[in-house]
Amino acid sequence: MTGKDKRRFFRLPVASRVFIEIESPPPGSIGPGKVARCDTLDVSHSGLRVRLAESVTVGAILQIGVELPGESEPFYLVGQVRWRMRDKENPGSWIAGFEVLNALGSDIEHWEAALMEMDERTPSP
Numbered sequence: 001m002t003g004k005d006k007r008r009f010f011r012l013p014v015a016s017r018v019f020i021e022i023e024s025p026p027p028g029s030i031g032p033g034k035v036a037r038c039d040t041l042d043v044s045h046s047g048l049r050v051r052l053a054e055s056v057t058v059g060a061i062l063q064i065g066v067e068l069p070g071e072s073e074p075f076y077l078v079g080q081v082r083w084r085m086r087d088k089e090n091p092g093s094w095i096a097g098f099e100v101l102n103a104l105g106s107d108i109e110h111w112e113a114a115l116m117e118m119d120e121r122t123p124s125p
């Protein structure tokens with residue numbers, strides 16, 4: 001991002017397991033489509049940055065499952081790929097930024113509450 005940082009929320013450097021449905025199942029089939037397992041680099045109320053083994057399409061709206069440390073259940077979210085780039089530190093990997101969308105049936109309210117608690121527990125720099 002150039003110039004002033006326009007983020008509304010503080011990013012938390014949280015490492016967690018993420019599952020992203022990068023390809024929907026064929027029409028009429030039951031079950032998930034193609035799911036990629038990846039890891040977060042950081043999270044915020046409105047998004048997450050992940051490292052994954054394959055590229056995702058910028059602009060795609062995808063189903064995301066996030067297992068935050070200290071939480072008993074995963075958070076099921078809907079996110080839009082805002083950007084992606086090759087991971088210079090890990091050849092063959094990608095880094096992507098997702099905006100968490102306010103989607104019906106998602107865990108966005110629980111996600112925001114959990115991150116608010118984590119933010120309050122994080123010492124200020």
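110 is the number that full-length UniProt numbering gives to position 110 of the sequence shown; each next residue is one higher, with no gaps.
From the three backbone atoms N, C-alpha and C, an ideal C-beta is built for every residue, glycine too.
Model, not experiment: these values are computed from the prediction.
Coil, strand or helix - methionine 1 by DSSP: Note that methionine 1 has pLDDT 41, beneath the 50 cutoff, so the model's placement of it is unreliable and the number below is only indicative. Methionine 1: coil per DSSP, three-state reduction.
Sub-8 Å separation of methionine 118 and valine 14 beta-carbons: yes
Contact under 8 Å by Cβ, leucine 68 with alanine 36: no
Minimum C-alpha distance to valine 81 - residue among Ser55, Gly105, Ser93 and Gly92: Ser55
Glycine 28 versus leucine 104 - alpha carbon distance: 22 Å
Assigned secondary structure, arginine 7 (DSSP; H/G/I helix, E/B strand, else coil): Only weak support is given to the placement of arginine 7: the predicted model assigns it a pLDDT of 46, under 50, and the value that follows is read from those uncertain coordinates. Arginine 7: coil per DSSP, three-state reduction.
Own chain, CB closer than 6 Å to aspartate 5, minus 5 neighbours either side, in chain order: A caution first: aspartate 5 carries a pLDDT of 46, below 50, which makes its placement in the model too unreliable to give a value.
6 Å Cβ shell around isoleucine 95 - same chain, five flanking residues per side excluded: Arg51, Met85 and Asp87
Selection from Pro25, Glu21, Asp107 and Trp83 that minimises the alpha carbon distance to tyrosine 76: Asp107
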